[in-house]
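Numbering (mature numbering (1 follows the signal peptide of the UniProt record, and there is no 0)), first residue to last: -17 to -1, 1 to 519.
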């Protein structure tokens, strides 16, 4: 369906008419790719791997018509885009019906009060292991000051571990109840070692938006002979601290400024896996224009210590309280540390066997998708699809069991979530629809006394956070976005096998100020098939 025709029947009442519109039409296909030198089936968007970037500005209305030319259902999720008051557009199986083969769906997104660096990816059927991902850049409006000079150029840098194995074979391994093997390599913008190049001019400064779009591993990023000044993390301007290398965990994005202040030649860019017994490494190049001198010398080394180094770096990334966010007021004007939390939710991961198959869980519940997206079932009041309260507020020490886990919370409350990691692996969690304050993280067991070390002044606000092995991480959230929102592990095999649930942020209000109605073009499936969305 042509995009202009598709847009005619959309519910434009749910986006701001006074903000610009940006239209995209994407055709999703399979194609042969060679990221690690061997042919494999990849997911392409308009023939590209990775897919095209989305460029936008705060409050832009972004209309993306996705044509599914695969032979199976497909969904795209907008990682970090908050979709204010509209979880129907989130692109996850709990909120949105899949796009059938040969059909299209037009997503309506508004970059409401957001800036920063994010990405999109396919959320169904382990498609993420085949590609279909790309960068999202939300720029500040022209009159809103940014706390650094405009860079000469702005590069998207998508890094992630990768398998040579076809994604369908990886899915079959998981469906049989087995664990995935160790990945085969690491990609930079969809390419393996010694391929990706970023060209710079001596004396100029560049912005790199680095996102870990991988499946399993935290990664360390570094550039030979150059410092990286962190300036933004998933929509938050940060204190501008320079680093020689950066740990970027699964699902996370951050912006750095790099000044080309060395002698003109090529310099190695190195990405390596973290917290793994076998270290995967890949390389790219920072290339000075008009220079034919190849990179030389040893590759720049990464951190020589493990958790403590990474933990200290994470604590050093703090909000720049003097900077404006998407609006012309300082980001620190919301004093999150002066608000009492009304509820504490403690979440602990676990791994184990259920009916002889590998499963992963939060608070002993391993999520099983329902036959109808939860948000759509909630709208039509279809009983029996899910049960609010099907996951407890705290670990209970029980064995793993299967359920369509939904945790109910109230709109406009302020809560604390503590992620407790009793396992020996690195964890990373994402909450759709929200940015939250990362107020504390440390090793050992969390207790109420751990609150004494919380950062209640300038903690960074983001949508994805790491939890170190045998450690805890605490976040504060202002529940100001009504809807059904996914909280999940970014370790994609764990997410696929149950380490996720949905947070139902509820209000009895039917005001458009609180939540938009179901889109007129919403696909309806499962028990909602054949029903009708309400008229415009």
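Glycine included, each C-beta is placed from N, C-alpha and C at the ideal position. Please read all numbers here as calculations on a predicted model, not as lab measurements.
Asked: So residue 265 is in the beta strand (DSSP E); what residue range does that whole segment cover?; Found: 264 to 271
Asked: Say whether the region 119 to 138 touches the region 260 to 280, bearing in mind that this needs 3 or more beta-carbon pairs closer than 8 Å, one atom from each stretch.; Found: no
Asked: Looking at residue 98 and residue 135, is the spacing between their C-beta atoms short of 8 Å?; Found: no
Asked: Pop quiz: residue 90 and residue 74 are said to be a contact at Cβ under 8 Å. What is the actual Cβ separation, rounded to whole angstroms?; Found: 7 Å
Asked: Give the secondary structure of residue 167 by DSSP, where H, G and I count as helix, E and B as strand, and everything else as coil.; Found: coil
Asked: When we look at the beta-carbon of residue 339 and count the other beta-carbons within 10 Å, is it buried (16 or more) or exposed?; Found: exposed
Asked: Tell me which residue opens and which closes the alpha helix (DSSP H) that residue 299 is part of.; Found: 290 to 299
Asked: Rounding to the nearest angstrom, what Cα-Cα distance links residue 116 and residue 17 in this structure?; Found: 16 Å
Asked: CB-CB under 6 Å to residue 207, same chain, minus the five flanking residues each way: which ones, in chain order?; Found: 250, 251, 283
Asked: Just the C-alpha distance for residue 270 and residue 244, rounded to the nearest angstrom, thanks.; Found: 12 Å
Asked: So, under 8 Å CB-CB, residue 143 and residue 196 are touching, yes? Tell me the CB distance rounded to an integer number of Å.; Found: 4 Å
Asked: With a CB to CB cut of under 6 Å and the five nearest residues on each side skipped, what residues in its chain are close to residue 54?; Found: 84
Asked: Please confirm if residue 336 has its CB atom under 8 Å from at least one CB of chain B.; Found: No chain B appears in this structure, which consists of one protein chain only.
Asked: Quick one, which of 475, 466, 421, 335 has its alpha-carbon nearest residue 406's?; Found: 335
Asked: On a CA-only basis, which of 307, 382, 387 is nearest residue 367? Give me that one, please.; Found: 387
Asked: Excluding sequence positions up to five away, which residues of its chain have a Cβ less than 7 Å from the Cβ of residue 113?; Found: 24, 25, 26, 150
Asked: Alpha carbon to alpha carbon, how far is residue 500 from residue 493?; Found: 9 Å
Asked: How many Å lie between residue 14 and residue 398 at the Cα?; Found: 45 Å
Asked: Using a Cβ-Cβ cut-off of 8 Å (strictly less than) and excluding sequence neighbours within five positions of residue 436, which residues of its own chain qualify?; Found: 423, 425
Asked: Applying the criterion that 16 or more other CB atoms from any shown protein chain within 10 Å of the CB defines a buried residue, is residue 372 buried or exposed?; Found: exposed
Asked: Are residue 225 and residue 211 closer than 8 Å when you measure CB to CB?; Found: yes
Asked: Could you pull out every residue in the same chain whose Cβ sits closer than 8 Å to the Cβ of residue 351, ignoring the five residues on either side in sequence?; Found: 385, 386, 387, 481
Asked: Tell me, please, whether the region 286 to 306 touches the region 346 to 362 by the rule of three or more beta-carbon pairs shorter than 8 Å.; Found: no
Asked: Report the three-state DSSP secondary structure of residue 73 (helix, strand or coil).; Found: coil
Asked: Quick one: give me the first and last residue of the beta strand (DSSP E) that residue 89 is part of.; Found: 87 to 93
Asked: Looking at the secondary structure, which residues open and close the beta strand (DSSP E) in which residue 151 lies?; Found: First-last for residue 151: 150 to 158, but that is the alpha helix (DSSP H), not the beta strand (DSSP E).
Asked: DSSP state of residue 321, grouped into three classes?; Found: helix
Asked: Could you tell me how far apart the beta carbons of residue 452 and residue 408 are, in whole angstroms, since I believe they sit closer than 8 Å?; Found: 6 Å
Asked: If you drop the 5 nearest sequence neighbours on each side, which residues of the same chain put their C-beta closer than 7 Å to that of residue 391?; Found: 371, 372, 487, 489
Asked: Buried or exposed: which applies to residue 356, given that a residue is buried once 16 or more other Cβ atoms fall within 10 Å of its Cβ?; Found: buried
Asked: Does DSSP put residue 116 in a helix, in a strand, or in coil?; Found: coil
Asked: Within 10 angstroms of the Cβ of residue 428, are there 16 or more other Cβ atoms? Answer buried if so, exposed if not.; Found: exposed
Asked: For residue 362, which three-state DSSP category applies?; Found: helix
Asked: Restricting to Cα atoms, I'd like to know which of 154, 223, 268 is closest to residue 477.; Found: 154
Asked: Residue 239 and residue 191 look like a contact to me (Cβ under 8 Å); what is the Cβ gap, rounded to whole Å?; Found: 5 Å
Asked: Measure the C-alpha to C-alpha separation of residue 524 and residue 147 and round it to an integer number of angstroms.; Found: Because the chain spans -17 through 519 in this model, residue 524 falls outside it and cannot be assessed.
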